[in-house]
Amino acid sequence: MRITLFDEPVLRRKGKRVTEFDSALRGLVREMTDTMHEADGIGIAAQQVGEAVLVCIVDVRAFQGDFAFTLDGKEPPLDLIMPMALVNPEVEKLPGPNSVMEEGCLSFPGIRGDVKRPEAVLVRYQDHDGNPHTLECDGIFARCVQHEVDHLQGILFIDRMERKTARKLEPELKKLRGETRGQTAG
Ligand SMILES: [Zn+2]
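Residue numbers (this note's numbering): 2 to 187.
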């Protein structure tokens with residue numbers, strides 16, 4: 002699947018809630034997962050493959066040991082749960098500090114910037130069969146989930162940056178916007 006680029010309109014659309022846990026959903030999850038891995042990403046949202054639905058994928062196995070988590074109160078091996086598809090996810094901040102980390106995004110090739118987010122979150126979501134789960138996580142796992150769940154609401158990481166960070170990136174954003182409009186116009 003082609004990854005959508007800033008500033009294609011679908012990236013600003015809010016995702017629709019998933020109600021059918023069928024083979025079409027499983028197909029979307031599979032294709033999003035393949036697309037994410039091919040692009041060496043650690044997360045991808047449906048809007049990034051052109052679909053405005055509440056589905057995202059995360060795979061932070063490369064950062065094993067850099068974060069803590071529990072899934073439904075347990076701590077299963079990462080290989081059992083990742084890549085993880087989150088359907089209809091809702092994120093809640095857990096008590097604690099915010100942290101600042103440099104982020105990138107598959108829809109903004111080559112563009113990175115510092116983003117401040119809660120360090121730890123609680124996530125309620127459904128898997129691709131519709132079973133509900135509760136995830137608590139921190140560190141890069143929490144950051145990745147928050148970045149992807151933002152996408153599902155049409156929110157991009159540049160919206161979360163401090164003004165001066167975003168202003169510094171403006172020339173690169175302008176260039177990307179121009180290239181995207183050139184590519185998608187024809
Ligand atoms: Zn992104």
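Beta carbons: idealized from backbone N, C-alpha and C, even for Gly.
{"Query": "Endpoints, beta strand (DSSP E) assigned at His134", "Result": "Pro133 to Asp139"}
{"Query": "Own chain residues within Cβ distance below 7 angstroms of Glu9, not counting five before or after", "Result": "Thr181 and Thr185"}
{"Query": "Residues sharing a beta bridge with Pro110, DSSP", "Result": "DSSP output for Pro110 lists no bridge partner at all."}
{"Query": "Per-residue DSSP class, three states only, for Glu104", "Result": "strand"}
{"Query": "Where Gly183 sits in the DSSP three-state scheme", "Result": "helix"}
{"Query": "Local Cβ density within 10 Å of Glu104, reported as buried at 16 or more and exposed below that", "Result": "buried"}
{"Query": "Beta-carbon proximity list for Phe22, same chain, < 8 angstroms, skipping 5 on both sides", "Result": "Val88, Gln127, His129, Asp130 and Gly131"}
{"Query": "Close Cβ partners of Thr5 (< 8 angstroms) along its chain, the five nearest in sequence each way excluded", "Result": "Val11, Leu12, Gln48, Gln49, Val50, Gly51 and Ser108"}
{"Query": "Local Cβ density within 10 Å of Arg118, reported as buried at 16 or more and exposed below that", "Result": "buried"}
{"Query": "In DSSP terms, what Val88 is bridged to", "Result": "Val56 and Gln127"}
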